[in-house]
Amino acid sequence: MLHQYEITIVGGGPAGMFAAFYAGMRGADVLLVESTAALGGQPATQYPQKMIYDIAGIDGVNGVALTQRLAQQMDHFQPEIRLDTRVDSINPATGTDLVVDWLQVDANTPAAKANPHGYILQTNQGSIATQTVLIATGGGAFAPRRLAVDYPTEWDGQRVIYTVRDVAALTGQTLAIAGGGDSAIDWALTLVDRAQDVHLIHRRQQFRGLESSVAQLKQSRVHIHTPFVIDGLSLTANDQLAVDLRPVHGDEHEHLVVDRLLVNYGFASDNKQLRRWELALDHNLVTVDRLYQTSRPGIFAIGDVVTYPGKVKLIANAFGEAPIAVDAALRTIHPDLRQPPHSAAVIGK
Ligand SMILES: Cc1cc2nc3c(=O)[nH]c(=O)nc-3n(C[C@H](O)[C@H](O)[C@H](O)COP(=O)(O)OP(=O)(O)OC[C@H]3O[C@@H](n4cnc5c(N)ncnc54)[C@H](O)[C@@H]3O)c2cc1C
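Here the sequence shown is numbered in the UniProt record's numbering, starting from 1 and rising by one per residue.
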């Protein structure tokens, strides 16, 4: 027999962590489930040391520090957390799965009428029973898009890196960065003051980053190589990385000698699980209504995994979505729920 949570949040990125805090503040019996060994999602794994400047009230914080602050905030309510737990399927529960049959709790709520016993989540660590589900799985399991040239696999993580885990280790080095989006530009600007030299390589003349970042890049001492593609990698006699750059037009190659190459071609996401959850999707994103309700009753979704008219994939938006979705989830269980209290009324008392 399983304990049945009121809300199970799937995904421990910024959206899921803030939702867990807010669910705790609303007094919900909440469980947070994360497939990897640590909370934090993209900021913690993809850009731990990159600064984030567009979160209300915080004038700059890096990915690791944001994760720490979210964890500290969640600690007010100490939600139950299960790490290394990947949700594979979401099935309607039967009354025999549960200690408490939801029908006996409140049979009149809309979600209970549509799905009387809530859900059973099948994970790689066993089953979870829950009345409602809040999906916050972001882009799913991310993997960086790889460089399209051959090189020895042992260079991965050493000479060729896809994720910066330790900015300090790059101090004083000569670096090449490949890519033309926000991430490549952000890294070039973050590293230019620490590194000996930074070369930015992009296959187009124009960068795809924020206009203000591109303007800053052009004023900086980053060496820009456009429009070029990386045609080959080899080692020099003194064990440095030689990067052969082929022009997109013409045939005058350029040659760089660097300590490391940071490849920033974005991430390919793996939405395998999501496709099995029988939710209405649009381009592999979950469609939701104004209360972040999905096409299945009692299942809500927020953060990068959702789409709706005007959706922008930003942490600030995910933070705004969380209280609405948690409130809507709680109202499907407790229709007479009163207006949410302000935080000081709960935390300060
Ligand atoms: C390089 C880069 C720079 C960025 N810079 C900024 C910025 O400056 N400002 C900004 O606002 N945004 C920025 N973003 C975007 C921001 O990081 C995302 O909008 C944000 O992380 C979305 O949060 P999320 O919680 O929805 O998803 P994620 O951060 O993707 O977290 C999802 C979590 O769910 C887990 N998960 C996935 N599937 C399962 C499953 N089946 N079971 C259990 N757990 C699962 C994943 O492991 C992950 O931990 C940037 C993104 C990148 C890649």
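Glycine residues also receive a C-beta, built at the ideal position from the N, C-alpha and C atoms.
*Beta-carbon contacts of I224 that lie in its chain and below 6 Å, excluding the five residues immediately before and after*: L200
*asked:* Looking at the strands, I want to know which residues DSSP matches up with residue 424.
replied: The structure shown does not extend to residue 424, since the chain is modelled only from 1 to 349, so the question has no answer here.
*Label I347 either buried or exposed according to how many other C-beta atoms from any shown protein chain fall within 10 Å of its C-beta, with 16 as the threshold for buried.*
exposed
*DSSP beta-bridge partners for H342?*
Per DSSP, none; premise fails for H342.
_Taking the beta carbon of residue 351 as the centre, do at least 16 other beta carbons fall within 10 Å, making it buried, or is it exposed?_
No statement about residue 351 is possible, as the shown extent of the chain runs from 1 to 349 and does not include it.
*First and last residue of the uninterrupted beta strand (DSSP E) at F300*: I299 to A301
*Are the stretch 154-173 and the stretch 181-198 in contact at 8 Å, needing three or more beta carbon pairs?*
yes
_D244, enclosing beta strand (DSSP E) - first and last residue_ = L241 to P247
*Could you check the C-alpha separation between R290 and S213 for me, to the nearest Å?*
33 Å
_Closest Cα partner of L39 within the set A65, G57 and E254_ = A65
*Is it buried or exposed for D88, if we count other Cβ within 10 angstroms and need 16 for buried?*
exposed
*Sequence-distant residues of its chain with Cβ nearer than 7 Å to Q173 (five each side left out)*: A195, Q196, D259 and R260
*Looking at A129 and L32, is the spacing between their C-beta atoms short of 8 Å?*
no
*asked:* For a test of your reading of the model: does the CB of R86 fall under 7 Å from any non-hydrogen atom of ligand 1? Yes or no.
replied: yes
*Would you please verify whether the beta carbon of N284 is less than 8 Å from any beta carbon of chain D?*
Within the model displayed, chain D is absent; a lone protein chain is all it includes.
*Rounded separation between L256 and A242 - CA only*: 6 Å
*Can you check DSSP and say which residues form a bridge with N91?*
I120
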